[in-house]
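Numbering-wise (the UniProt record's numbering), the sequence shown opens with residue 1 and increments by one.
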Amino acid sequence: MEERTLDQISPGDTAHVVSLDPRHPLRRRLLELGFVRGAPVTVVRRAPMGDPLELRVNGTDLALRLADLRGIRVRL
Numbered sequence: 001m002e003e004r005t006l007d008q009i010s011p012g013d014t015a016h017v018v019s020l021d022p023r024h025p026l027r028r029r030l031l032e033l034g035f036v037r038g039a040p041v042t043v044v045r046r047a048p049m050g051d052p053l054e055l056r057v058n059g060t061d062l063a064l065r066l067a068d069l070r071g072i073r074v075r076l
């Protein structure tokens, strides 16, 4: 399976969290929101200008900036 950062996933694709950058400024909050190892993350859509992305994690929809998604490694 291929690993990449979450900002590289296309709308409609689902990936599973592999890791969070330990220096990520939102690490604690992302863990609280469900970005834990193995959690499925679906990219719902991109904003009209491309940033932010709408994601679905454990049934919760949220929007995150591309810069924040670069610290989240996922596996397709």
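All residues carry an ideal CB built from backbone N, CA and C; glycine is no exception.
Just so we're clear, the structure is a prediction, and the values are computed from it rather than from any experiment.
State the DSSP-derived secondary structure class of residue i, mapped to helix, strand or coil.
i, result
"E3", "strand"
"L33", "coil"
"R23", "coil"
Got a sec? Which residues, its chain only, sit under 7 Å from residue i by beta carbon, not counting five neighbours each side?
i, result
"I9", "A15, V43 and V74"
Could you pull the start and end residues of the alpha helix (DSSP H) that residue i belongs to?
i, result
"A67", "L66 to L69"
Following the continuous beta strand (DSSP E) through residue i, name the residue where it begins and the one where it ends.
i, result
"residue 77", "One cannot answer for residue 77 here, as it falls past the ends of the chain, which runs 1 to 76."
"I72", "I72 to R75"
If you drop the 5 nearest sequence neighbours on each side, which residues of the same chain put their C-beta closer than 8 Å to that of residue i?
i, result
"G34", "V57, N58 and T60"
"A39", "H16, V17, V57 and N58"
Under 6 Å Cβ to Cβ from residue i, same chain only, skipping five residues before and after it: list those, please.
i, result
"H24", "G71"
Does the beta-carbon of residue i have 16 or more other beta-carbons within 10 angstroms, so that it is buried, or is it exposed?
i, result
"L76", "exposed"
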